[in-house]
Amino acid sequence: MSTFLQTLFVGLRLGSIYALVALGYTMVYGIIRLINFAHGDFIMVGGYTMIFTIPVMVALGLPGWASVFIAILVCAAVGMSTELVAYRPVRKKGTAMTALITAIAVSLLLENLAQAIPQIGPNPKVASQIFIAGGVKIANVTLDWTTMLTIGISVVVMIGLYQFTQKTRIGRAMRCVSEDKSASILMGINVNRTIVTTFAIGSSLSAIAALMYIAQYPKVYTTMGAMLGLKAFVAAVLGGIGIIPGAMFGGFVIGLVESFTTSYVSSSMADAFVFLILIIVLIIKPAGILGKNIGEKV
Amino acid sequence: MIKNRTAQGYLLNTVVIAVLLIGFAFFKGALGGGGEFKLIIVPSIWQCCYLIILAASLNLSLGFLGQLSLGHCGFMAVGAYAAALLSLAAERAGVFEDKSGTAFLLVLAGCIIAAGILAAIVGLLVGIPALRLKGDYLAIITLGFGMIIVNIINNLPFAGQEGLALGSASASLYKNGLGFGTALKVTYIWVAIAVTLVCLVMMFMFVRSKYGRAIRAIRDDEIAASASGINTSYYKTFTFAYSAFFAGVAGALYACANATLSTSSFAFANGGILNSTFVVVMVVLGGMGSLTGSIVAAVIMFLVNYQIKNGVWVQHLPAWLQNIFSFPMLVYAVILIIVIMFRPKGIFGSYELSLRNFFSDIKLQRQNRLAQKLESKEALRNG
């Protein structure tokens with residue numbers, strides 16, 4: 452029973468990280484129909500920003516986690532410049548396929564550029580303690596503060612984001628653009644600015660995910676975002692890509708599957724299981740669990 | 057003079073290939089078959105051969121069918137392991153003693169074909185669920201497949217991470233199975249060249265057949281294609297399996313050319329030359345929809361890769377550039393982005409290099425460009 456509960460908490464913690472990253476994927480996919488492969492690497496950018504700014508924060512007398520605000524700014528800047536420099540010119544000229552290849556190239560560029568910068572290098576860096584240590588013990592299960600904070604922050608962020616897309620002007624513009632680009636131009640929406648805003652918000656979410664990830668696994672390396680990003684994408688597809696509640700749901704499902712496979716089946720097969728679930732879902736319900744199947748029109 | 061233009065083309069190509077082969081033989085004689093020739097040129101030709109097959113086979117699904125597969129090296133891994141294990145089994149069963157004679161050649165041929173067929177079957181199994189979906193999902197599923205295949209091969213009792221099991225794994229593959237040493241690579245260089253030529257002929261025939269026309273129609277407009285009576289899912293799955301077949305053959309050549317096999321060399325993006333991203337770079341560089349473009353791009357990218365790693369001139373560059381060159385994937389990513397930005401369909405586009413039409417094509421292109429310029433000028437004048 453205690454193993455079960457422990458696994459459940461690990462799964463929820465992992466799931467909330469996946470959900471935050473999946474939100475970034477799903478928002479960008481919803482608006483420009485592009486799998487932003489570089490999204491996973493934004494997590495890496497956030498992670499390294501925090502590695503370098505946590506000592507500064509501590510020296511200033513602030514708590515270590517405050518560096519997440521700098522990471523959010525840096526990630527948003529990287530995300531917006533990726534859109535402006537790479538994606539927008541290609542989108543104007545090429546097809547969906549060329550945009551996808553550009554996204555892969557940008558992802559490789561970020562990973563390898565980070566390695567080529569001498570201050571970063573290929574070796575992992577270790578972060579200091581971010582949240583307070585310790586936890587509470589309930590019925591033989593230790594529930595540490597990091598887990599509780601991770602789940603709590605992600606739930607708050609997700610509710611905030613959902614409200615943002617439903618209630619605010621920019622949020623409504625985003626939904627409008629993702630539904631029909633040309634109609635939203637007619638409605639007086641600045642489509643390009645909306646896309647850039649979406650990139651900024653999606654990338655800042657990955658900065659928050661980076662904070663939660665390194666609070667749990669305090670190791671930052673240049674390819675940390677690749678697998679994390681991939682699983683988050685699987686989560687987004689699982690829930691129905693382009694749908695915000697779907698990404699949250701998918702993230703928690705993937706996190707739970709992974710933690711239960713690791714503790715009950717085999718840790719090396721966890722990744723294979725995640726993809727197996729993706730394949731099964733895509734065969735049965737190609738639009739995702741919460742998605743609607745829309746036929747293609749000529 | 058032969059009147060039939062097709063026959064002319066075939067004759068010209070045959071003559072050029074024959075001249076190249078004779079030239080190669082002379083070259084070999086001139087160098088005396090030792091030192092540089094044995095250690096650098098022959099291994100490079102082996103490497104180029106499987107890279108050419110790999111790039112051209114991915115072009116079938118990426119360029120002609122329009123479906124991005126990011127797990128192409130996974131099929132190659134299947135082929136490589138199949139060929140290596142089969143040859144090892146044949147050796148243990150006593151079919152051949154040393155690596156010579158007809159028995160060995162038959163085993164070699166069998167291994168190469170079996171590697172291709174096994175990869176094609178795996179490609180079919182991946183393709184049937186994945187190709188029901190749009191291109192984006194296929195990219196992700198194949199990417200996942202590339203990772204799963206590494207997982208599975210690592211966990212197989214008779215394969216394993218270190219190469220092949222039973223004691224000192226990789227060394228035994230090298231000595232007994234398919235792996236060729238330097239001397240054998242020189243002896244069997246014709247195998248690599250012949251396999252590459254046969255594969256390329258098969259791919260060209262495929263592209264020019266009814267199948268090739270059908271998949272190009274699917275690439276351009278899937279709905280219109282299916283409305284014209286093309287069974288899209290059949291053609292898509294078939295092309296995917298066909299392209300996986302050649303990736304398997306390339307894997308078999310890889311198993312021949314290398315002393316050891318390890319799954320990490322077939323990963324999605326490792327630093328080396330063999331990863332699925334590198335194959336995508338080759339195809340995009342050469343032109344999506346141009347087999348000759350893939351061949352040229354494979355050779356060019358091999359040379360770039362070789363020069364970045366071993367070139368003498370690299371040592372004379374400033375330190376920061378040398379630092380960048382120690383991460384070749386960074387260079388490839390930049391190349392990829394630049395090519396995609398300025399020529400979204402690759403350098404060759406869908407143009408096929410042809411010896412027969414080479415000069416007339418250049419003339420034609422110049423005329424086209426002039427006409428376009430005139431047109432745009434006219435448009436400007438007319439507002």
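Order-wise, the sequence lines are chains A and B.
Per this note's numbering, the first sequence starts with residue 452, numbered consecutively.
Per this note's numbering, the second sequence starts with residue 57, numbered consecutively.
The beta-carbon is built from N, C-alpha and C at its ideal position, and this holds for glycine as well.
Note that the structure is predicted; figures quoted are calculated from it, not measured.
CB of residue i to nearest heavy atom of the ligand NAD: below 7 Å?
{"i": "B/I249", "result": "The ligand NAD is absent from the structure shown, which contains no ligands of any kind."}
When the cut-off is 8 Å and only beta carbons count, does residue i lie next to chain A?
{"i": "B/V340", "result": "yes"}
{"i": "B/R188", "result": "yes"}
{"i": "B/A195", "result": "yes"}
{"i": "B/R425", "result": "no"}
{"i": "B/F442", "result": "Here chain B has residues from 57 to 439 only, and residue 442 of chain B is not among them."}
{"i": "B/F383", "result": "yes"}
{"i": "B/N361", "result": "no"}
{"i": "B/I28", "result": "Here chain B comprises residues numbered 57 to 439, so residue 28 of chain B is not present and cannot be evaluated."}
{"i": "B/D276", "result": "no"}
{"i": "B/M357", "result": "no"}
{"i": "B/I351", "result": "no"}
{"i": "B/A333", "result": "Going by the sequence as given, residue 333 of chain B is Thr instead of Ala. Yes, contact with chain A."}
{"i": "B/A221", "result": "Low local confidence applies: a pLDDT of 43 at B/A221 is under 50, so the model's placement there is unreliable, with the coordinate-based value given in what follows. So no, B/A221 is outside the interface."}
{"i": "B/A389", "result": "yes"}
{"i": "B/N211", "result": "yes"}
Establish whether the CB of residue i and some CB of chain B are separated by less than 8 Å.
{"i": "A/A723", "result": "yes"}
{"i": "A/L535", "result": "no"}
{"i": "A/P575", "result": "no"}
{"i": "A/I705", "result": "no"}
{"i": "A/M548", "result": "yes"}
{"i": "A/S719", "result": "yes"}
{"i": "A/N487", "result": "no"}
{"i": "A/Q566", "result": "yes"}
{"i": "A/N643", "result": "no"}
{"i": "A/V541", "result": "yes"}
{"i": "A/G622", "result": "no"}
{"i": "A/T597", "result": "no"}
{"i": "A/N563", "result": "yes"}
{"i": "A/F726", "result": "yes"}
{"i": "A/L679", "result": "no"}
{"i": "A/A683", "result": "no"}
{"i": "A/K588", "result": "no"}
Buried or exposed for residue i, going by 16 or more other Cβ atoms inside 10 Å?
{"i": "B/H372", "result": "exposed"}
{"i": "B/T252", "result": "buried"}
{"i": "B/L222", "result": "Interpretation of B/L222 is limited by its pLDDT of 37, a score under 50 that renders its predicted location unreliable; no figure is taken from the coordinates."}
{"i": "A/M638", "result": "exposed"}
{"i": "A/M452", "result": "exposed"}
{"i": "B/G157", "result": "exposed"}
{"i": "B/P400", "result": "buried"}
{"i": "B/S265", "result": "exposed"}
{"i": "B/S284", "result": "exposed"}
{"i": "B/W102", "result": "buried"}
{"i": "A/A410", "result": "The question about residue 410 of chain A has no answer here: the residues shown for chain A are numbered 452 through 749."}
{"i": "A/G603", "result": "exposed"}
{"i": "B/N331", "result": "buried"}
{"i": "B/V72", "result": "exposed"}
{"i": "A/R464", "result": "buried"}
{"i": "A/M609", "result": "buried"}
{"i": "B/V257", "result": "exposed"}
Tell me, which residues are paired with residue i by DSSP?
{"i": "B/V387", "result": "Answer is none; B/V387 lacks a bridge partner."}
{"i": "A/I589", "result": "A/V592"}
{"i": "A/K670", "result": "A/V577"}
Which residues in chain C have a C-beta closer than 7 Å to the C-beta of residue i? List them in chain order.
{"i": "A/I571", "result": "Here the protein chains are A and B, and chain C is not one of them."}
Listed in chain order, which residues of the stretch 459 to 475 of chain A have Cβ atoms closer than 7 Å to some Cβ of chain B?
none
Whole runs of the beta strand (DSSP E) within the stretch 128 to 161 of chain B, excluding any shorter than 3 residues:
none
Suppose only complete runs of 4+ residues qualify. What are the alpha helix (DSSP H) ranges in the stretch 596 to 622 of chain A, listed by chain order?
596 to 618
Entirely within the stretch 239 to 311 of chain B and at least 4 residues each: give me those alpha helix (DSSP H) ranges in chain order.
245 to 264, 266 to 276 and 278 to 283
Interface positions of the stretch 685 to 705 of chain A facing chain B (Cβ-Cβ less than 8 Å), listed along the chain:
V685 and V688
Please list, in chain order, the residues of the stretch 365 to 380 of chain B that have any C-beta partner in chain A closer than 8 Å.
N379 and I380
If we require 3 or more residues per run, which beta strand (DSSP E) segments fall completely within the stretch 485 to 547 of chain A?
none
Could you please tell me which residues of the stretch 396 to 424 of chain B, in chain order, have their CB closer than 7 Å to any CB of chain A?
I396, M397 and P400
Compile a chain-ordered list of the residues in the stretch 133 to 152 of chain B whose CB is closer than 9 Å to at least one CB of chain A.
none
Entirely within the stretch 328 to 396 of chain B and at least 4 residues each: give me those alpha helix (DSSP H) ranges in chain order.
332 to 342, 347 to 366 and 375 to 381
May I have a chain-ordered list of the alpha helix (DSSP H) segments no shorter than 4 residues that lie completely inside the stretch 643 to 693 of chain A?
675 to 690
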